[in-house]
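Residue numbers (this note's numbering): 25 to 457. I have placed the structure first, in the form of structure tokens, so that the comments after it can refer back to it.
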Ligand code: PMP
């Protein structure tokens with residue numbers, strides 16, 4: 025795949041005018057090397073690059089493409105919304121409709137504030153938590169990614185992890201000093217943080233099920249412990265479901281855990297799926313907290329494009345078509361891919377763990393399942409690039425980093441899954457070296 029391909033020409037041109045040639049770091053394929061594919065179209069489980077090559081896609085827009093690319097009804101909803109005007113900077117009825125559909129699915133949520141990115145959602149959730157508690161400190165977990173606001177860029181996952189950055193340059197020390205970072209799945213470390221700073225921690229923010237250091241599921245009872253520890257100290261629990269929300273279950277990760285166990289976080293953040301593929305995210309919670317947001321309350325937050333009518337149309341169409349059958353298809357395809365992965369890597373004699381959190385999948389080149397960020401990084405990461413490129417050569421596009429989740433969609437039918445399974449043995453041999 026060398027030679028002057030269209031992808032190569034486009035990447036060269038992009039690097040002249042875009043830092044690193046991209047608008048989001050992981051897209052540059054830094055961890056796997058080679059020329060990133062410029063994707064020019066997608067339909068269902070497939071994407072096509074600038075050279076006309078077609079791939080089964082397991083990136084899924086990094087989450088939003090729950091029903092596959094260019095889902096007919098989602099596209100139709102956006103087209104019809106666009107014909108009526110691209111946005112008004114005024115209230116629009118669909119904002120209420122989308123908020124209501126979220127409130128109906130997730131009972132602890134009474135009110136929703138729409139924003140344009142997950143970053144804004146978590147950033148605002150922290151501001152709200154600080155205002156509600158009158159406290160400054162935040163606890164986050166190493167390897168969890170909550171977007172790129174200053175205070176959350178300490179020991180962050182996703183692209184920060186892929187680039188191996190402990191922290192981002194440019195974050196004021198005074199801001200970092202308000203973030204306490206502890207190991208994931210370690211409730212005692214959270215208790216210790218509260219013991220060291222009694223009455224000073226505004227919130228614990230956690231990915232409901234982390235998927236930005238690869239998939240590292242919460243051990244049973246961990247999230248419930250976070251709920252109990254925060255409640256005991258009068259701090260809030262912020263459940264970041266930007267990635268898991270409406271993906272792993274119609275009620276997100278909370279639906280798989282909190283709903284069954286009878287607890288709920290104070291605030292949720294959502295994104296990705298609820299925007300149907302367009303820029304839309306949200307923070308959500310009980311009226312008692314959400315009412316602190318301006319203009320109802322004193323916590324300022326705003327956005328020119330917030331609640332954009334195209335994005336709300338896409339989100340409503342997406343949620344409307346994410347029925348039980350769609351989730352069943354995603355789960356079935358994810359399980360088939362996970363089983364195929366285990367089989368191929370076992371046959372090739374490569375030490376590995378296939379990580380799962382609901383329908384999220386990732387691969388760790390180590391013998392034991394990683395439980396936290398340092399374990400997730402402590403794997404034979406060098407095996408991922410050959411594995412990734414063998415899959416790409418066979419027409420399957422994976423996330424270009426071992427520290428990211430694979431996103432399966434409801435459009436991954438038997439034919440798409442077969443293509444993935446057929447590609448795995450050679451990729452596993454490539455990983456074996
Ligand atoms: N939270 C989580 C759990 C995420 O996975 C992400 C993005 N991958 C974000 C927040 C940030 O969202 P965005 O990229 O839309 O700013």
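Here a beta-carbon is modelled for each residue, glycine too, at the ideal position from N, C-alpha and C. This structure is a prediction, so every number in the text was calculated from the model and none was measured.
The beta strand (DSSP E) enclosing residue i, as first and last residue numbers
i	result
residue 291	291-294
residue 59	Run containing residue 59: none; DSSP gives neither H nor E here.
residue 81	78-81
residue 263	260-265
residue 378	377-381
residue 384	384-388
Distance cut-off 7 Å: residue i Cβ against heavy atoms of the ligand PMP
i	result
residue 86	yes
residue 178	no
residue 413	no
residue 402	no
residue 141	yes
residue 20	No statement about residue 20 is possible, as the shown extent of the chain runs from 25 to 457 and does not include it.
residue 267	yes
residue 236	yes
residue 305	yes
residue 231	yes
residue 146	yes
residue 57	no
residue 257	no
residue 65	no
residue 171	yes
residue 339	no
residue 330	no
residue 47	no
residue 210	no
residue 382	no
residue 182	yes
residue 167	no
residue 295	yes
residue 174	no
residue 264	yes
Presumed contact (8 Å Cβ cut-off) between residue i and residue j, rounded CB distance
i	j	result
residue 433	residue 295	Rounded, the Cβ-Cβ distance is 17 Å, inconsistent with contact.
residue 261	residue 272	Not really, about 18 Å apart at Cβ, beyond 8 Å.
residue 395	residue 243	7 Å
residue 293	residue 305	7 Å
residue 312	residue 139	Not confirmed; about 20 Å, so no contact.
residue 269	residue 276	4 Å
residue 334	residue 102	5 Å
Residues bridged to residue i [DSSP beta-bridge criterion]
i	result
residue 137	307
residue 163	204, 228
residue 15	Nothing in the structure corresponds to residue 15, since the chain is present only between 25 and 457.
residue 67	70
residue 288	The partner list for residue 288 (beta bridge, DSSP) is empty, contrary to what the question assumes.
residue 328	Beta-bridge pairing links residue 328 to no other residue.
residue 191	178
residue 302	300
residue 420	80
residue 430	385
residue 448	BP columns for residue 448 are empty, so no partner.
residue 93	68
residue 323	317
Run of the alpha helix (DSSP H) containing residue i, from where it starts to where it stops
i	result
residue 412	408-417
residue 366	348-371
residue 48	No alpha helix (DSSP H) holds residue 48; DSSP gives it neither H nor E.
residue 209	Per DSSP, residue 209 belongs to no alpha helix (DSSP H) and is neither H nor E.
residue 399	397-401
residue 127	117-129
residue 150	142-157
residue 278	276-280
residue 316	Looking at the DSSP string, residue 316 is not in any alpha helix (DSSP H), and its letter there is neither H nor E.
residue 425	No alpha helix (DSSP H) holds residue 425; DSSP gives it neither H nor E.
residue 246	246-257
residue 32	30-41
residue 344	333-345
residue 184	183-186
(request) Count the CB pairs spanning the region 188-202 and the region 165-178 that are closer than 8 Å, and state whether there are at least three. (result) yes
(message) When you compare the region 81-95 with the region 215-225, are there three or more beta-carbon pairs, one atom per stretch, that lie closer than 8 Å?
(response) no
(message) With a threshold of 8 Å, are at least 3 pairs of Cβ atoms found where one atom belongs to the region 131-146 and the other to the region 365-380?
(response) no
(request) Spell out a yes or no on whether the region 404-415 and the region 438-451 are touching, meaning 3 or more CB-CB pairs, one atom from each, closer than 8 Å. (result) yes
(request) Evaluate the contact criterion for the region 42-52 versus the region 417-428: three or more CB pairs, one atom per stretch, below 8 Å. (result) yes
(request) Would you check if the region 385-394 and the region 306-326 touch, i.e. whether three or more CB-CB distances between them fall below 8 Å? (result) no
(message) Does the contact criterion of 3 or more C-beta pairs under 8 Å hold for the region 150-163 versus the region 360-373?
(response) no
(message) For the region 66-79 against the region 399-407, do three or more pairs of beta-carbon atoms, one drawn from each stretch, fall closer than 8 Å, so that the two count as touching?
(response) no
(message) Does the contact criterion of 3 or more C-beta pairs under 8 Å hold for the region 351-358 versus the region 311-328?
(response) no
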